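S.K.: Dropping the structure in here first, questions after.
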Amino acid sequence: MRRLFGAASVLAIALSLPVDASSFPLPKLGRDKAAADTAPAALKPGEWAQARSDVAPDPTIRFGALPNGMRYAIRKQTIPPGQAAIRLRIGAGSLMETDAQQGLAHFLEHMAFNGSKAVPEGEMIKILERLGLAFGADTNASTNFDETVYKLDLPRTNDETVDTALMLMREAAGNLTLDQGAIDRERGVVLSEERARDTPPYRIYKERLGFFLKGQRPPTRYPIGQVQVLEAAPAAEFTDFYNRYYRPERAVLVAVGDFDLDAMEAKIKAKFGGWTPTGPAGESPNLGQLQPRKTEAKLVIEAGAPLSMQFAWMRKPDLAADTVAKRKADLIEQLGFSVVNRRLQRLARAGQPPFLAAGVFKNNEYDAAESTLLIVNAEPGRWREALAAAEQEQRRAVQYGVRQDELDREIAEYRANLKADAAGAATRTPAQLAGEIVASLGEREVVTDPAQDLALFEQTVKDLKAEKVSAAVKASFAGEGPLLFMASPRPIEGGEASVLAELDASRKVAVAEPSAAAEVAWPYTSFGGAGQVVETKEAPDFDTTFIRFENGVRLTVKPTRFKDDEILVRVNIGDGRLDLPKDAQSQGWASGAYIEGGLKQISAEDMEQVLASRVYGAQFSVADDAFVLSGSTRPEDLDIQLQVLTAYAAEPGWRGEAFTRLQSAYKTANDQYESTDSGVLSRDLSLLLREGDKRWAFPSREQIADAKLDDFRKMVAPALADGPVEVVIVGDTTVEKATEAVARTLGALPPRPGTQVPAAQREVGFPAGVQQPVVLTHKGRADQSIGYIAWRTNDFFADPQKARDTAVLGEILELRLVEELREAQGATYSPSVVYSHSMIWPRWGYVSASVEIPPAKLPNFFADVKKIAADLRDKPVTADELARAKKPRIDQIEKIRETNGYWLSELSGAQTDPRRLDATRALIPGTERVTAADVQRAAQAVLKDDAMWMLEVVPAKK
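So, in structure tokens, the structure goes:
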């Protein structure tokens, strides 16, 4: 079932950070559910949710169960051809651990790759690499509070690959050896992961869960566990958990892909039918009772985080069966939340917004409780305004409900998205389909397909009145509380008492009925007479057509059937970063204000309202060689998509409110970056690798505070007004339809003169080798640090084959780092190698190696990398190692070539630089022809000790 506006989407809105989200991984939240008073008995071994529901399951999935209680779900999916996804879900996670086992559910996930009866320690990853699976990309696992999931994405579905995958899943399920020596060798890896996860948002999350679920089990059982347990737990504790919870009745195998269903079912029965559990079964945990609560507040001070608030109304968990009635109730409630969220968004977009972002949603707190949450991000100095505005808007929704015009808008938008989902359902990837099945298991939901979801939606919204939705919204804010959790980067005078006083004062303020929005029309339907095509060329081997219009606009069209009903559009204007001055601070950080600033004749908010029933996108970014406008649409909305992007190219709104809002959000960006070693690296590395070229500089606090909208406008407006235009369209369309749509929009604009990029603008430096590492500092934990090494290579076109040789060298270097630093030493969770050969910047490229590691081990990292580099220079790699590097890389390329996104990127710039097409043609054959001697020559040319540029990110002295 598709959750239209669940926890994840609201968190993305209301907890949005200027910093890359990967720097701040938040634990996964549960999905939303409607309230109920009673819980049914748990499913019996081998029983599926549909056995207790009136919801019909997806008819394309074959559900089954083995006599031992293990369930399986298999589905044939021939798009992309020859691929498959296999998942093994064990219904056990950190909630099942004893005090002495805290962290071992996750640790066990690691041990699944470290030795079993049929696979010796250290061999599992190598087996998968020989079959073309890349560690991390195709081979992964995750552990949460209530589940552990093992994932294999297969590049082919021949018997060897499928049989091996099922064998490895069977080994993980019940045949792990759990050797004490292997456990001890893996401890450092898990401890490295614990260090990397300990970020300000994670610490805030733990405080929040402890406050909301006071006295209950989830806040005492975080999946990463306790350091003292990870450091010392004996093998006996691992074995105890493994035997009690890795059992057939807790296991579900999911397989989706291009295979014969009968053959796959037979393989599953043969491989898993003989699985019998060892010893007594473990009990499901007692999660504790939700405690009666009145209005309470908790204030947490976390220097490296933005100010955020969460209001929570808590209720007993709903464990009722999935039914049609329940789904309809959920949908009605979600529609109501969407109206409220739209109102909150309107406040955030105002001239002097009280907060930066806010959102409302319902959340299942790991089956221990259910909550309705109102979450808010605000400037630290304006928390009082934010609290009052959010509280009063929530109360306004409860008191006055939603209007019919608001509801009708949300219905139109939901309908458009559900129709797009249904139209593209047949071309979902195996990984997507397998993920949907696995996601249903924790919630005991029946798996349905998008057509079923659309039909249920239409049944639900037929004649739906605002009064019914208003009642659902009001009911959703019933429960204990509200509890108010606040995280602030600095202390608040008066602490929690002050926060409660502000809440009490706000609740005394009367709220008025919301006013109706004004009617608006879409003003950008015409841009003049349709442009004329003056040139057409074909690239038959790419099924691609190149078109040039009379006004100079270039159009590249590649029709595909990779994904039904999906069309990606990219508009490249001007020369991007090449156009920017090398000695002036870039304003690229403010790119988000471009789209949010709306258009000259209509605001972003009004545009969303008038186009609510359409599927389109609008993003703006600064690429190395172009300012980029992009979006994703469906065939029936291609005209609208191009109208939107053309309007943004021709008449951006430049509204100051959007820039001010973004500027306010970025005030704490440097604090957030500096709170972790990875944050500092992600902020500063691009500038350092280009010898201080300010086109890659992230602004200081002072530069952010002093920035003006006019600075950003001066940076991009000239190029957007006069720069050459290239349009790339890839997806479910035809050359004729795409050409006609562009002719009416971008092809109708006046000609643009364009300018030649001065040669000096293309020059970018690279740091020379150093004897001692450059040192950066962070303000996080004292045991967190990163070591980084980079060697300069060259641009791609200097010698394309050498670039491909060096890419394979990079893959082998990563294999060596994983084997040495992770497998042999157990020193780190994630050694990483990156290689890049620019197609834009002459003589610029690099290979890098990095690792998260305790500061005391940094010298060992640099020494180990030097030793590995010397070995690669001095000796040819083995045939097995070469194959384990090349095969996953080639298979990854072949997989990604079956996506529209890949071709949107590859074809960008190809009209003006046809060398890009040659590079795409030669990518796989050029990789296949790389030999051990080529790799050795690349190592000798690149991995030189005197060319090593080294960097450390270490804790600041306190």
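Per this note's numbering, the sequence shown runs over residues 9 to 966.
Note that the Cβ used here is the ideal one computed from N, Cα and C, for glycine as well.
As the structure is a computational prediction, the values presented were derived from the model and not from experiment.
According to DSSP, what are the bridge partners of Asp-270?
M.R.: Looking at the DSSP assignment, Asp-270 forms no beta bridge with any residue, so it has no partner.
S.K.: Exposed or buried, which one is Leu-951 when buried takes at least 16 other CB atoms within 10 Å?
M.R.: Flag for Leu-951 reads buried.
S.K.: What's the gap between the Cα of Arg-812 and the Cα of Lys-279?
M.R.: Straight-line Cα distance between these residues: approximately 40 Å.
S.K.: Please state if the CB of Pro-766 and the CB of Glu-699 are separated by a distance shorter than 8 Å.
M.R.: Result no, Cβ atoms of Glu-699 and Pro-766 do not sit closer than 8 Å.
S.K.: Report, in whole angstroms, the separation of the C-beta atoms of Leu-696 and Ser-640, which I expect to be a contact under 8 Å.
M.R.: That belief does not hold up - the Cβ atoms of Leu-696 and Ser-640 are roughly 34 Å apart, past 8 Å.
S.K.: For Gly-584, collect the residues of the same chain with a Cβ closer than 6 Å to its Cβ; drop the 5 residues on either side in sequence, then sort them by chain order.
M.R.: So the list reads Val-630, Ala-631, Asp-632, Asp-633, Ala-634, Phe-635, once near-sequence residues are dropped.
S.K.: Would the stretch 345-365 count as touching the stretch 412-420 if we require 3 or more Cβ pairs under 8 Å?
M.R.: Verdict: yes, contact present.
S.K.: Output the distance between the C-alpha atoms of Asp-512 and Val-308, rounded to the nearest integer angstrom.
M.R.: Each residue's alpha carbon lies about 20 Å from the other.
S.K.: Within the same chain, show all residues whose beta-carbon is closer than 7 Å to that of Ala-120, passing over the 5 residues directly before and after it, in chain order.
M.R.: Cβ neighbours of Ala-120 beyond the five flanking positions: Ala-149, Tyr-158, Ala-180, Leu-184.
S.K.: By Cβ distance, which residues of its chain are closer than 6 Å to Gln-595, with the 5 residues on each side in sequence left out?
M.R.: Answer for Gln-595: Asp-719, Phe-720, Met-723, listed in chain order.
S.K.: Give the secondary structure of Trp-321 by DSSP, where H, G and I count as helix, E and B as strand, and everything else as coil.
M.R.: Residue state, collapsed to three classes: strand.
S.K.: Assuming Met-322 and Ala-394 are in contact, meaning their beta carbons sit under 8 Å apart, how far apart are those beta carbons, in whole angstroms?
M.R.: Not really, about 22 Å apart at Cβ, beyond 8 Å.
S.K.: Taking just the CA atoms, how far does Arg-703 sit from Ser-844?
M.R.: Going from the Cα of Ser-844 to the Cα of Arg-703 covers about 18 Å.
S.K.: Assuming Ala-657 and Ile-581 make a contact with CB atoms under 8 Å, what is their CB distance in whole Å?
M.R.: With a Cβ gap of about 6 Å, Ala-657 and Ile-581 count as contacting.
S.K.: Roughly how many whole angstroms lie between the Cα atoms of Glu-399 and Ser-514?
M.R.: Rounded to the nearest angstrom, the two C-alpha atoms are 7 Å apart.
S.K.: Would you kindly work out how many angstroms separate the C-alpha atoms of Glu-501 and Ser-683, rounded to a whole number?
M.R.: Distance between the alpha carbons of Glu-501 and Ser-683 is about 23 Å.
S.K.: May I ask which residues mark the beginning and end of the alpha helix (DSSP H) holding Gly-661?
M.R.: Looking at the DSSP string, Gly-661 is not in any alpha helix (DSSP H), and its letter there is neither H nor E.
S.K.: Pairs of beta-carbons, one from the stretch 705-719 and one from the stretch 687-695, closer than 8 Å: are there three or more?
M.R.: Verdict: yes, contact present.
S.K.: Within a Cβ cutoff of 6 Å, which residues of the same chain sit near Val-18, ignoring the five residues on either side of it in sequence?
M.R.: For Val-18, the pLDDT reaches just 37, beneath the cut-off of 50, and the residue's location in the model is therefore unreliable, although a value from the coordinates is still provided. Here the set comprises Gly-367, Phe-369.
S.K.: Pull the bridge partners of Asp-161 from the DSSP assignment, please.
M.R.: Paired residue(s): Ala-93.
S.K.: Report buried or exposed for Ala-768, applying the criterion of at least 16 other Cβ atoms within 10 angstroms of its Cβ.
M.R.: With fewer than 16 other Cβ atoms within 10 Å, it is exposed.
S.K.: Within the chosen definition, does the stretch 788-800 reach the stretch 951-963 through at least 3 CB pairs nearer than 8 Å?
M.R.: Judged by Cβ distances under 8 Å, the stretch 788-800 makes contact with the stretch 951-963, as three or more pairs qualify.
S.K.: Which same chain residues end up closer than 7 Å to Lys-134 when comparing Cβ atoms and leaving out the 5 residues on each side of it in sequence?
M.R.: Cβ within range, chain order: Arg-892.
S.K.: Assuming Leu-754 contacts Val-778 (C-beta within less than 8 Å), just tell me the rounded distance between them.
M.R.: That belief does not hold up - the Cβ atoms of Leu-754 and Val-778 are roughly 48 Å apart, past 8 Å.
S.K.: Which residues in the same chain have their Cβ closer than 7 Å to the Cβ of Ala-313, if we skip the five residues on either side of it in sequence?
M.R.: Cβ within range, chain order: Pro-208, Pro-209, Ile-212, Ala-495, Pro-497, Gln-680.
S.K.: What are the boundary residues of the alpha helix (DSSP H) that Met-494 is part of?
M.R.: Not the alpha helix (DSSP H): Met-494 falls in the beta strand (DSSP E), residues 488-496.
S.K.: In whole angstroms, what is the alpha-carbon distance linking Lys-7 and Gly-788?
M.R.: Nothing in the structure corresponds to residue 7, since the chain is present only between 9 and 966.
S.K.: When DSSP builds the beta bridges, which residues end up paired with Leu-784?
M.R.: The partner list for Leu-784 (beta bridge, DSSP) reads Val-961.
S.K.: In the structure shown, what three-state DSSP assignment does Gly-639 receive?
M.R.: Three-state DSSP puts Gly-639 in a strand.
S.K.: Taking the alpha carbon of Asp-154 as the point to measure from, which residue in Ala-145, Pro-128, Tyr-230 has its own alpha carbon closest?
M.R.: Checking every option, the nearest Cα to that of Asp-154 belongs to Tyr-230.
S.K.: To which residues does DSSP link Val-735 through a beta bridge?
M.R.: According to DSSP, which records beta bridges pairwise, Val-735 is partnered with Leu-563, Val-579.
S.K.: Going by alpha carbons, who is nearest to Val-384 out of Gly-54, Ala-356, Val-198, Glu-748?
M.R.: Ranking Gly-54, Ala-356, Val-198, Glu-748 by Cα distance to Val-384 puts Ala-356 first.
S.K.: Identify the continuous beta strand (DSSP E) that holds Lys-222 and give its terminal residues.
M.R.: Segment: none, Lys-222 is in no beta strand (DSSP E) and carries neither H nor E.
S.K.: Please work out which residues of its chain come closer than 6 Å, Cβ to Cβ, to Asp-62, disregarding the five sequence neighbours upstream and downstream, and give them in chain order.
M.R.: Correct list, in chain order: Thr-331, Val-332.
S.K.: Does the stretch 268-283 touch the stretch 95-104, meaning 3 or more C-beta pairs lie closer than 8 Å?
M.R.: The stretch 95-104, when compared against the stretch 268-283, does not touch it at the 8 Å Cβ threshold.
S.K.: Report the option in Thr-920, Tyr-910, Ala-887 whose CA atom is closest to the CA atom of Arg-138.
M.R.: For Arg-138, the nearest C-alpha among the options comes from Ala-887.
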